[in-house]
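Novice: So that you can map any letter, position 16 of the sequence shown is 38 in this note's numbering, and since no number is skipped, the others follow by simple counting.
Note that CB positions come from ideal geometry on N, CA and C, so glycine has one too.
After the structure tokens below, expect a handful of questions from me.
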Amino acid sequence: MGGESYKNPIGIPLLQKILRELSPQSYHSVSFTGGEPLLYTEYIVKAAADLKDLGAKTFLETSGYDPNRLRAAAAAFTYISLDLKLEVAWKELLSVAADFKDKVYLKLVITAAENGMNEAQSIERAGKLLNSHGFNELWIQPIDNSFNLQVVLNWQKKLKTNGVEARFIPQIHKLLGIK
23 MGGESYKNPI
33 GIPLLQKILR
43 ELSPQSYHSV
53 SFTGGEPLLY
63 TEYIVKAAAD
73 LKDLGAKTFL
83 ETSGYDPNRL
93 RAAAAAFTYI
103 SLDLKLEVAW
113 KELLSVAADF
123 KDKVYLKLVI
133 TAAENGMNEA
143 QSIERAGKLL
153 NSHGFNELWI
163 QPIDNSFNLQ
173 VVLNWQKKLK
183 TNGVEARFIP
193 QIHKLLGIK
């Protein structure tokens, strides 16, 4: 940053200094992403609180792999992107997310292997489960930008019959070759 290199992980005092220099309130939000931020729940909650004190909004990008950690961190963030995986049991995760529904958006990340017709029943169950927890919107995103458009359109139809509006978005940074 500004020609300065910092060795990871940085402590909270140094992070606070860096944040003050960045004027984070002038940006849409500060994103906590990469790997799984919930592995560092205490750290990210403290950092998010410091950002809030500076007038900034915060954005948590997580798989929500641990509903207890999600519950512990959620209140500290302005926005939460929750990546759902087809192989993960969603019931407990969605119960926690429903408590913070006004700040959460759900994203179903799929691999090419999951992009087949055999997921039709899973998608239908997912729509019913999302709806039962008060979620009526889902973003579908292929992790490698490989997808079968007809399959995605069918998923959207199935979800809509269960009251869930599904939108499809590729990983733009990968299409543009940005890492």
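What residue does the alpha helix (DSSP H) around isoleucine 132 start on, and which one ends it?
Specialist: First-last for isoleucine 132: 126 to 132, but that is the beta strand (DSSP E), not the alpha helix (DSSP H).
Novice: Assuming contact is defined by CB atoms lying nearer than 8 Å, are leucine 73 and leucine 104 in contact in what I supplied?
Specialist: no
Novice: In three-state DSSP terms, what is leucine 198?
Specialist: coil
Novice: Report yes or no: do the stretch 183 to 194 and the stretch 154 to 168 share at least 3 C-beta pairs separated by less than 8 Å?
Specialist: Yes: the two stretches touch, three or more of their Cβ pairs being nearer than 8 Å.
Novice: Over what stretch of residues does the beta strand (DSSP E) that includes threonine 80 continue unbroken?
Specialist: Segment 80 to 84, the beta strand (DSSP E) holding threonine 80.
Novice: Which first and last residues belong to the alpha helix (DSSP H) in which glutamine 172 is found?
Specialist: 171 to 183
Novice: Any heavy atom of the ligand NAD inside 7 Å of the beta-carbon of tyrosine 87?
Specialist: Looking for the ligand NAD in the displayed structure turns up nothing, as the structure carries no ligands at all.
Novice: Reducing DSSP to helix, strand and coil, say where serine 48 ends up.
Specialist: helix
Novice: Report buried or exposed for arginine 91, applying the criterion of at least 16 other Cβ atoms within 10 angstroms of its Cβ.
Specialist: buried
Novice: If you count every other CB in all the chains shown that lies within 10 Å of the CB of alanine 70, and 16 or more means buried, which is it?
Specialist: buried
Novice: How is leucine 60 classed by DSSP in three states: helix, strand or coil?
Specialist: It is helical.
Novice: I'd like the span of the beta strand (DSSP E) that includes glutamate 159, first residue to last.
Specialist: 159 to 164
Novice: Count the CB pairs spanning the stretch 50 to 61 and the stretch 26 to 35 that are closer than 8 Å, and state whether there are at least three.
Specialist: no
Novice: Quick one: Cα of valine 131 to Cα of lysine 125, how far?
Specialist: 19 Å
Novice: Look up aspartate 105 in the DSSP assignment and say whether it is helix, strand or coil.
Specialist: For aspartate 105, the secondary structure class from DSSP, reduced to helix, strand or coil, is strand.
Novice: If you run the structure through DSSP and keep just helix, strand and coil, what is alanine 111?
Specialist: coil
Novice: In chain order, what residues of the same chain have a beta carbon less than 7 Å from the beta carbon of asparagine 167, not counting five sequence neighbours either side?
Specialist: Pro192, Gln193, Lys196 and Leu197
Novice: Alpha carbon to alpha carbon, how far is glutamine 178 from asparagine 170? Give it in angstroms, no decimals.
Specialist: 13 Å
Novice: Excluding the five sequence neighbours on either side, which residues of its own chain have a C-beta within less than 7 Å of the C-beta of alanine 95, listed in chain order?
Specialist: Only Leu60, Thr63, Ile66, Val67 and Leu82 meet the Cβ criterion.
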